[in-house]
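Peer 1: My questions all concern the structure below.
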Amino acid sequence: MKNSTSEGKHGIKWTAQNQLDDLDFTNGLALLSHTHEKMQITKDSVAAVSASVGLSIHKEKTKVLKFKAENSDPITLDGETLENVESFKYLGSIIDEQGGSDADVNERTGKSRTAFLQLKNIWNSKQLSTPTSWLFCCTELKLGELQQPPPRMYKYL
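Just so you know, the UniProt record's numbering puts 94 at position 94 of the sequence shown, and the rest follows in order with no gaps.
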């Protein structure tokens, strides 16, 4: 990535002296730019450097997400238009063209609501005491992640 961005500043301003050109992930790369032209230049540069070492960009897996973009021209790779998307999911979080977290929060709220509705029989069960029901509640409700309840709750088991 350093080789492909060394020729100029095409990223976004991060601090007064620093530029953020890309986000590197284990299985991918997110290129950042303020303008369509700079994005096209950066993408072409990354493709050229990748090709020089025997790698290629997978066109079907490459997506373009424009945030408050004025230019609607497509980003191309080897003459083919890359797909524009309104949102994508990475590491469980939704990133969308609005730039906020509303879509992510709404999805997580929906998942929590679904989880609660699936446990309705437990809440209404006459065979379980209220503290045991709340133990299930504390265990299950951490945005979809199963976590242990606080140690003081173990006395109810």
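For glycine and all other residues, C-beta sits at the position ideal for the given N, C-alpha and C.
Straight-line CA distance for Phe88 to Lys120?
Peer 2: Along the sequence shown, read from residue 1 onward, the residue named residue 88 stands at position 88. Along the sequence shown, read from residue 1 onward, the residue named residue 120 stands at position 120. Between Phe88 and Lys120, the C-alpha separation is close to 32 Å.
Peer 1: What is the C-beta distance between Met39 and Ser45, in whole angstroms, given that I count them as a contact (C-beta under 8 Å)?
Peer 2: Sequence index remark: in the sequence shown, residue 39 carries index 39 (1-based). Sequence index remark: in the sequence shown, residue 45 carries index 45 (1-based). So it is not a contact: roughly 11 Å between Cβ atoms.
Peer 1: Rank Arg108, Lys111, Glu86 by C-alpha distance to the C-alpha of Gly99 and give the top, closest one.
Peer 2: One-based indexing of the sequence shown puts residue 99 at position 99. Here the closest residue by C-alpha is Glu86.
Peer 1: To which residues does DSSP link Phe88 through a beta bridge?
Peer 2: Reading the sequence shown from its first residue, position 88 is the one you call residue 88. Phe88 is bridged to Ile95.
Peer 1: Report the partner residues of Glu83 according to the DSSP bridge assignment.
Peer 2: Position 83 of the sequence shown, counted from the start, is the residue given in the question as residue 83. DSSP output for Glu83 lists Lys63 as bridge partner(s).
Peer 1: If you drop the 5 nearest sequence neighbours on each side, which residues of the same chain put their C-beta closer than 8 Å to that of Ser56?
Peer 2: As a working note, residue 56 is residue 56 in the sequence shown. Here the set comprises Ala47, Ser50.
Peer 1: Within the same chain, show all residues whose beta-carbon is closer than 8 Å to that of Asp73, passing over the 5 residues directly before and after it, in chain order.
Peer 2: For the purposes of this step, residue 73 is taken as residue 73 along the sequence shown, with counting starting at 1. Contacts found: His36.
Peer 1: Hey, how far is the Cα of Ala69 from the Cα of Ile41?
Peer 2: Start at 1 with the first residue of the sequence shown, and residue 69 comes out as number 69. Start at 1 with the first residue of the sequence shown, and residue 41 comes out as number 41. Spanning the two alpha carbons is a distance of roughly 17 Å.
Peer 1: Let me confirm a value: Leu31 is counted as buried when at least 16 other C-beta atoms fall within 10 Å, else exposed. Which label applies?
Peer 2: Within the sequence shown, numbered from 1, the residue matching residue 31 stands at position 31. Classification for Leu31: buried.
Peer 1: What does a CB cutoff of less than 6 Å around Phe67 pick up in its chain, not counting 5 residues either side in sequence?
Peer 2: Here residue 67 refers to the residue found at position 67 of the sequence shown. So the list reads Glu97, Gly99, once near-sequence residues are dropped.
Peer 1: Can you list, in chain order, the residues of its chain whose CB lies under 7 Å from that of Thr76, leaving out five sequence neighbours each side?
Peer 2: As a working mapping, residue 76 is identified with position 76 in the sequence shown. If we look at Thr76 and ignore the five residues flanking it on each side, its Cβ neighbours are Leu82.
Peer 1: Return helix, strand or coil for Leu143, following the three-state DSSP convention.
Peer 2: By 1-based counting over the sequence shown, the position of residue 143 is 143. Annotation note: pLDDT 46 at Leu143 (below 50); position unreliable, no value reported.
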